[in-house]
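First comes the structure, then the notes that go with it.
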Amino acid sequence: METSKKVDGKLASRSGHKLAVAAVALQGVHLLAVFATAFAIILSFNHLSGAADNSEADISPYIDFAFKAGGTGLMVGLLGSLIGFYVLWGKKNREPWFLKSSATLSFAWLLSCLPLALIQWGIFVRAKDNA
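124 is the number that full-length UniProt numbering gives to position 124 of the sequence shown; each next residue is one higher, with no gaps.
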């Protein structure tokens, strides 16, 4: 009886471990997307400063890439967060590396998404006041 519990526990922790690795990897994609977005915006500003005759069509590929990278990274990161919540509460995974890396990535999410949320809030408040 005890051996079956140990085996079941090992299998449960192993499946939770694989899901935890997937969750951390998917959450990390969000950080790569933030860097790709910043890089694309820097490239568009560099292109604007270097050309004498600038048009919207010249920088649109860079802005398009920035939006696609940011949106894709956000969706993949949210999927990783949902998997992480399932691993934490559903699978009861409490491995130290998982908790530490999830906390670090959560802080990175806070730093990358909070400014956007504050800017959006400011825009809506200003629009409401002007209406």
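Note that beta-carbon positions come from the ideal geometry of N, C-alpha and C, so glycine has one too.
Contact defined as beta carbons within less than 8 Å: I believe residue i pairs with residue j. What is the distance between those atoms, to the nearest angstrom?
i, j, result
"residue 168", "residue 27", "The structure shown does not extend to residue 168, since the chain spans only 1 to 131, so no value can be given for it."
"residue 74", "residue 17", "Not really, about 26 Å apart at Cβ, beyond 8 Å."
"residue 135", "residue 87", "One cannot answer for residue 135 here, as it falls past the ends of the chain, which runs 1 to 131."
Using 7 Å as the threshold, is the C-beta distance between residue i and residue j below it?
i, j, result
"residue 57", "residue 33", "no"
"residue 63", "residue 81", "no"
Alpha carbon to alpha carbon, how far is residue i from residue j?
i, j, result
"residue 61", "residue 41", "10 Å"
"residue 92", "residue 115", "32 Å"
"residue 109", "residue 77", "9 Å"
"residue 55", "residue 39", "20 Å"
"residue 53", "residue 104", "44 Å"
"residue 132", "residue 49", "What the structure shows of the chain is the stretch from 1 to 131, and residue 132 is not part of that stretch, so it cannot be assessed."
"residue 65", "residue 71", "10 Å"
"residue 99", "residue 112", "20 Å"
"residue 79", "residue 102", "13 Å"
When you compare each of the options to residue i by their alpha carbons, which one comes out closest?
i, options, result
"residue 36", "49, 67 and 76", "67"
"residue 47", "79, 39 and 59", "59"
"residue 23", "111, 113, 106 and 112", "106"
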